[in-house]
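Numbering (the working numbering), first residue to last: -2 to 442. By construction, the Cβ of each residue, glycine as well, lies at the ideal position given by its N, Cα and C atoms. Following: one structure in structure tokens, then a few remarks.
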Amino acid sequence: MTRVSQTIDRIDAIFDDSNLVANAGLLAFATLSQRLGLEVLIDSMVRLMGRVGGAHPGRKVLTLAHAIIAGATHIDHVDVLRAGSTERVLGHRVMAPSTIGTFLRSFSFGHVRQLEAVIGRALERAWALGAGPGTAPLVIDVDSTICEVAGKNKHGAGYGYTKVLGYHPILATRADTGEVLHARMRKGQANTQRGARRFIDELVARIRRAGATGELTMRFDAGFWSNDTIKVLNRHQVRYTMAVRCGTKGIAAAIAGIDETEWVDIDYTPGGRAQVAECAYTTGTGKQRVTRRLIVRRTRLVETTQQRLFPDWRHHAFLTDLTGDAVEVDRFHRQHAVVELAIRDLKDGAGLEHVPSGNFHANSAWLQTAVLAHNLIRWTVHLGGVRVGDELTVARTMRTRLVAMPGRLVNRAGRTTLRLPTRWPWADTFTTALDTLRLLRPAPA
């Protein structure tokens, strides 16, 4: 029978054990980092020679990425990896926060692009190990988000359509896993569409290089609505659903032309009613004239406890080149909302709820490192064989279950052992993940 102390006031706290490991579960994530060969990869692709703080970029990026996995949201939080013997379970030298700050500020636009290329190459290696879709269809959600900041002197921060001071990055996520396939930092005043066409070009190229050979479908909200963007998608033979602004003259006229008999009731939330219909939407003139499929969903509250001042229908429409029943395509498009879960997790679980530096390129490098940490969490769960069906991977949950374990490194007969707590609820999950990851074939040098 376990005896319980009658008072916690009799417990002394002494920080004197150099063999203790903070966040011992980082061992599994560091194992995957080694199997992907990330340190050597970063050293070979990010060339900061001659710049202050530019030496050994591999260990510096991994220091920051592993700190973010452990919950770091500020550069100073990197110090958590220097506690006790934590460095010994990471497989690389841990750098000081001041060194990381200098390193981030050494980036220029071109160096950020080099770090972007590292993310693409890491994606190739992870998918080659079994995390990729292979020949299966791949659904991608493209969206933008606001990274709020408080300092008005941050380079590139500004007010956009949300009237919130911050940055406005664009990103693309994989619908079934939440991986971030591509991301780019933009200044706060950037329009949603800014750089979208080039972003799509790079995104498709990256996905194809990574080995995805199946059909690609991308989903967009109304901020990306553009005929030029649709032309880029057509050029790459990418299917799409793209929301439109129903208040524009052409879209409003097309919706008004739908006959009442064509509306089909669909399942909706209690206290409301929704219907779906479709029509053709024609835009352009002469040789630029093109007709596309427009699917419209209209909703209205039907609660009768209070009289509504404006009981009219609210319309939500999107353009698409997908085939199939309008109701099914509408349901598919509404699943675009899953991108918000990935964005929330990127902010809440990968250190992107704010950006720490006053330097724009340093913040761009922070974004890419946060993406790497975000993806390492998902790849560890997927390749470690601990994902259950279609269960969503949430960084906070993984941190609680697999990362935030205390441990102690001991040597017995020349072999190092990481001793972990008894009765840890997810001990089997961690052991399964670690053993499975250690069986993966290391990436070629």
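Three-state secondary structure assigned by DSSP to Arg183: coil
Through-space distance from Val91 to Arg230, alpha-carbon basis: First, the amino acid is wrong: residue 230 is Leu here, not Arg. Using only the alpha carbons, I get a separation of about 43 Å.
Top-ranked residue by Cα proximity to Gly50, from Asp76, Trp421, Leu78 and Thr99: Thr99
Inter-residue spacing [alpha-carbon to alpha-carbon] between Asp264 and Arg270: 8 Å
Minimum C-alpha distance to His358 - residue among Pro166, Glu121, His63 and Asp140: Pro166
As assigned by DSSP and simplified to three states, the class of Met395: helix
Range covered by the beta strand (DSSP E) that runs through Arg270: Gly269 to Thr280
Sequence-distant residues of the same chain with beta carbon closer than 7 Å to Arg335, five excluded per side: Rather than Arg, the amino acid found at residue 335 in this sequence is Val. Here the set comprises Asp138 and Ala172.
Residue span of the beta strand (DSSP E) that contains Ala240, given as start and end: Arg236 to Val241
Distance CB(Val161)-CB(Ile143) smaller than 8 Å: yes
Chain-order list of residues whose beta-carbon lies under 8 Å from that of Leu373 (same chain, five-residue window excluded): Phe26, Leu29, Ser30, Ala62 and Ile66
Three CB pairs or more closer than 8 Å across the region 338 to 357 and the region 231 to 239: no
DSSP state of Leu135 mapped onto helix, strand, coil: strand
Under the three-state DSSP convention, the category Ser95 falls into: helix
Identity of the residues DSSP links to Asp262 by a beta bridge: Gln272
Backbone CA spacing between Leu59 and Leu35 [nearest angstrom]: 8 Å
Simplified DSSP state of Asp218, which is helix, strand or coil: coil
Delimiting residues of the alpha helix (DSSP H) encompassing Asn360: Phe357 to Leu380
Start and end residues, beta strand (DSSP E) containing Phe315: Arg311 to Thr317
Selected residue, minimal CA-CA separation from Ala93, among Gly346, Pro130 and His74: His74
Test: Gly157 CB closer than 8 Å to a CB of chain B: Here chain B cannot be found, since the structure has a single protein chain.
Segment limits, beta strand (DSSP E) that includes Val407: Gly404 to Arg409
Exposure label - Tyr156; buried when at least 16 CB within 10 Å: exposed
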